[in-house]
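Residue numbers (full-length UniProt numbering): 1 to 175. Cβ coordinates follow ideal geometry from the N, Cα and C atoms, glycine included. Please read the structure below before turning to the comments.
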């Protein structure tokens, strides 16, 4: 699929790695609305996105991407419709060390499909090295319960190349 420019959104729960993924792809400092967590730190995480993250990125072929990150907290759910407007695709980022990964997967797929039913979807799972009980089939079963097939990958959000592969997989799924 050829784009003049494309809007892609990173979505998922708090602490999954959305902001980190956007930062790993960015050549400049992204616009970020990080604020201190009101309920205290989650491990090493002390801040959370409260409105959105944004960064323009150029693909290898010169195609400009506009990357947005949604806040993961439910009390910021009103931002989803605003940020998802005009998005061609969404990367749902899920933490592999979460015991609730299947429920989070289904929640985010239903939430996005309810707002942007035509947007392409890809699932990226981070922190699988920390999730001693992580099983890919748990996520695949959750995806199947939601209907349409959605590609599922593991990746390190800190790694530019791995995150780029996820973006390319999303863009290829739009053809």
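Label residue i either buried or exposed according to how many other C-beta atoms from any shown protein chain fall within 10 Å of its C-beta, with 16 as the threshold for buried.
i, result
"residue 129", "exposed"
"residue 148", "exposed"
"residue 84", "buried"
"residue 70", "buried"
"residue 82", "exposed"
"residue 80", "buried"
"residue 17", "buried"
"residue 28", "exposed"
"residue 142", "buried"
"residue 99", "exposed"
"residue 104", "buried"
Pull up the DSSP beta-bridge partners for residue i, would you.
i, result
"residue 149", "Answer is none; residue 149 lacks a bridge partner."
"residue 154", "125"
"residue 6", "65"
"residue 120", "89"
"residue 11", "92"
"residue 58", "64"
Should residue i be flagged as near chain C, meaning a C-beta pair shorter than 7 Å?
i, result
"residue 75", "Here there is only one protein chain, and chain C is not present."
Who are the near neighbours of residue i in its chain, counting only those whose CB is closer than 7 Å to its CB and skipping five residues on each side?
i, result
"residue 170", "8, 89, 91, 120 and 122"
"residue 26", "55 and 57"
"residue 146", "106, 109 and 110"
"residue 12", "18, 72, 92, 93, 94 and 108"
"residue 137", "none"
"residue 160", "24 and 25"
"residue 64", "5, 56 and 58"
"residue 113", "none"
For the putative contact between residue i and residue j, defined by C-beta atoms under 8 Å, what is the C-beta separation to the nearest angstrom?
i, j, result
"residue 21", "residue 139", "The Cβ separation is near 17 Å, so there is no contact."
"residue 152", "residue 72", "With 8 Å as the limit, residue 152 and residue 72 do not qualify as a contact, their Cβ atoms being about 19 Å apart."
"residue 157", "residue 5", "23 Å between Cβ atoms; not a contact."
"residue 77", "residue 116", "So it is not a contact: roughly 14 Å between Cβ atoms."
By Cβ distance below 8 Å, which residues in the same chain neighbour residue i in space, the five residues on each side in sequence not counted?
i, result
"residue 134", "96, 97, 101, 125 and 128"
Can you find the residues in the same chain that come closer than 6 Å, C-beta to C-beta, to residue i, ignoring five residues on each side of it along the sequence?
i, result
"residue 41", "In this predicted model, residue 41 has a pLDDT of only 48, less than 50, meaning its place in the structure is not dependable enough to derive any value."
"residue 162", "155 and 156"
Using a threshold of 6 Å, is the CB atom of residue i nearer than that to any non-hydrogen atom of the ligand FAD?
i, result
"residue 125", "With respect to small molecules bound, the structure shown includes none, and the ligand FAD cannot be examined in it."
Unbroken stretches of the alpha helix (DSSP H), 4 residues or longer, contained in the region 68–116
79–84 and 101–115
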